[in-house]
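Residue numbers (the working numbering), protein chains in the order written: chain A, 16 to 154; chain B, 16 to 154.
Glycine is no exception: its CB is placed at the ideal position from the N, C-alpha and C atoms.
Working notes for the structure below.
There are 2 protein chains.
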Amino acid sequence: MRDYSIGDLATDSGVKIPTIRYYESVGLLPPPPRTEGNQRRYDGAARDRLRFIAHARAMGFPMPSLKAMLRIAGHKDAPCDDIDDLVRGRLIEVDERISRLTALRAELNAMLESRHHGTVGECRVMEVLSDHHECTHEH
Amino acid sequence: MRDYSIGDLATDSGVKIPTIRYYESVGLLPPPPRTEGNQRRYDGAARDRLRFIAHARAMGFPMPSLKAMLRIAGHKDAPCDDIDDLVRGRLIEVDERISRLTALRAELNAMLESRHHGTVGECRVMEVLSDHHECTHEH
DNA sequence: GTAATTGCTCTAGCGACTAGAGGTTCAACC
DNA sequence: GGTTGAACCTCTAGTCGCTAGAGCAATTAC
């Protein structure tokens, strides 16, 4: 069972080397053993853990959720409901962000389409940005 | 033409007082005149400028874009193309975010639906999060 | 006149990294 | 076995866009 340098893990996971060290410093990754020359050497379990972290971060789970999930993952026979809850919560957040961005998108589009201008002085975009009441939605 | 305290501006724009001072410190708002007792007093133009900033920030324009827009806004007879470009660029960003979030949403949903588990040891969610290859899209 | 509110400056902190300085160790090749 | 160059180490500080708090001064309302 060979082990990995920090660079190997970075390549494997797509997480940058300083970020891996950062994860260690905040307790997401356990401090690995070191070589005689003080360099980190990881095993397969650490690699899997980092993969998990990288993937969950890419899905937008915040660090506290990650910590919770990793803590729960340690108890293989624990019920899975807590993790489901985290995923559902994240889903709700994503839905909210999508709908807000969709409204924003409409507003930006409306801005571009309503322009009948040539100079800044008569620029609809600037007017709309100046006056919240012209918005088609709240934010 | 009466003038406004920083609190008045905060109420008007929804921007918090420390944030208004922060905007001044980074050059988004010009330093206003002060009372004898060193308190800021703003006029209507400053209020409008802050409204503009608040609104553009709510639309997600980054500070450099704001600065560019405000700089351009000073020249009422300048052509409007630069502002249009900023809005179009922002629109592209928003579109990208929406499509990435939509893909993510599908993935989270798939996770929840594929669960046929009870304990963490056999939890699909944890497996999917551990293994990027199970994803239905790239990220 | 006095009390409550609002304002001032300054420093430090947030999350989640990222960049750089200045030095050490490892691995591969000859 | 020696040398070179890539990879590694720690540490500090910077990023963005604010936000919080300390400790004090000014304004406003009654």
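Minimum Cβ-Cβ distance from Val109(B) to chain A less than 9 Å: For the purposes of this step, residue 109(B) is identified with residue 94 of the second sequence, where counting begins at 1. Yes, contact with chain A.
Below 8 Å, is the gap between the Cβ of Ala125(B) and the nearest heavy atom of the ligand MN? This structure lacks the ligand MN; in fact it carries no ligand of any kind.
Contact set for His70(A): own chain, Cβ-Cβ below 8 Å, skip 5 residues either direction: Numbered from 1 along the first sequence, position 55 holds the residue referred to as residue 70(A). Result list for His70(A): empty, nothing under 8 Å.
List, from N- to C-terminal side, the alpha helix (DSSP H) runs of 4 residues or more that fit wholly inside the segment 72–111 of chain B. 78–88
Quick check: is the beta carbon of Asp58(B) nearer than 9 Å to any beta carbon in chain A? For the purposes of this step, residue 58(B) is taken as the residue at position 43 of the second sequence. No, no contact with chain A.
Which of the three DSSP states is assigned to Arg66(A) in this structure? Within the first sequence, the letter at position 51 stands for residue 66(A). In the structure shown, Arg66(A) sits in a helix (DSSP, three-state: H, G or I).
Count the CB pairs spanning the segment 95–110 of chain A and the segment 53–60 of chain A that are closer than 8 Å, and state whether there are at least three. no
Using a Cβ-Cβ cut-off of 7 Å (strictly less than) and excluding sequence neighbours within five positions of Thr50(B), which residues of its own chain qualify? Position 35 of the second sequence, counted from the first residue, corresponds to residue 50(B). Within the same chain, Thr50(B) has close Cβ partners Arg56.
Tell whether a beta-carbon distance below 9 Å holds between Gln54(A) and Ile32(A). In the first sequence, residue 54(A) corresponds to position 39, counting from 1. In the first sequence, residue 32(A) corresponds to position 17, counting from 1. No, Cβ-Cβ distance for Gln54(A) and Ile32(A) is not below 9 Å.
Where the segment 110–127 of chain B meets chain A: residues whose CB sits under 9 Å from a CB there: Asp110, Arg112, Ile113, Leu116, Thr117, Leu119, Arg120, Glu122, Leu123, Asn124, Met126 and Leu127
Which residue comes first and which comes last in the alpha helix (DSSP H) that contains Pro33(B)? Position 18 of the second sequence, counting from 1, holds the residue named residue 33(B). Looking at the DSSP string, the run of the alpha helix (DSSP H) that includes Pro33(B) is Ile32 to Ser40.
Where Leu44(B) meets chain A, residues with beta-carbon distance less than 9 Å: For the purposes of this step, residue 44(B) is identified with residue 29 of the second sequence, where counting begins at 1. Those within 9 Å of Leu44(B) in chain A number zero; the least Cβ separation is about 14 Å.
Could you spell out where the alpha helix (DSSP H) holding Gly29(A) opens and where it closes? Numbered from its first residue, the first sequence carries residue 29(A) at position 14. Unbroken run through Gly29(A): none, as it is neither H nor E.
Under three-state DSSP, which class holds Arg55(A)? Position 40 of the first sequence holds residue 55(A). It is a strand residue.
Give me the Cα-Cα distance between Ser40(B) and Pro48(A), rounded to the nearest whole angstrom. In the second sequence, the residue the question calls residue 40(B) occupies position 25. In the first sequence, the residue the question calls residue 48(A) occupies position 33. Distance between the alpha carbons of Ser40(B) and Pro48(A): 47 Å.
Is it buried or exposed, Glu122(A), if we count other Cβ atoms within 10 angstroms and call 16 or more buried? Residue mapping note: residue 122(A) aligns to position 107 of the first sequence, counting from 1. Answer is buried; the Cβ neighbour count reaches 16.
Look up Gly22(B) in the DSSP assignment and say whether it is helix, strand or coil. Counting from one through the second sequence, the residue named residue 22(B) turns up at place 7. Reduced to three states, the DSSP call for Gly22(B) is helix.
Going by CA-CA distance only, name the one from Met74(B), Leu44(B) and Arg120(B) that's closest to Arg86(B). Start at 1 with the first residue of the second sequence, and residue 86(B) comes out as number 71. Arg86(B) has its Cα closest to that of Leu44(B), out of Met74(B), Leu44(B) and Arg120(B).
Using a Cβ-Cβ cut-off of less than 8 Å, list which residues of the segment 25–50 of chain A approach chain B; keep chain order. none
Below 8 Å, how does it come out for the segment 112–120 of chain A and the segment 108–120 of chain B: are there three or more Cβ pairs, yes or no? yes
Does DSSP put Glu153(B) in a helix, a strand or coil? Sequence index remark: in the second sequence, residue 153(B) carries index 138 (1-based). Only weak support exists for where Glu153(B) lies, its pLDDT of 46 falling under 50; the coordinates are left without a value.
Rounded to a whole number of angstroms, what is the C-alpha to C-alpha distance between Thr34(A) and Leu127(B)? Numbered from its first residue, the first sequence carries residue 34(A) at position 19. Numbered from its first residue, the second sequence carries residue 127(B) at position 112. Roughly 29 Å between the two C-alpha positions.
So Arg103(B) contacts chain A; which residues on that side make the cut at Cβ distance below 9 Å? Translated into positions along the second sequence, residue 103(B) becomes position 88. In chain order: Leu123 and Leu127.
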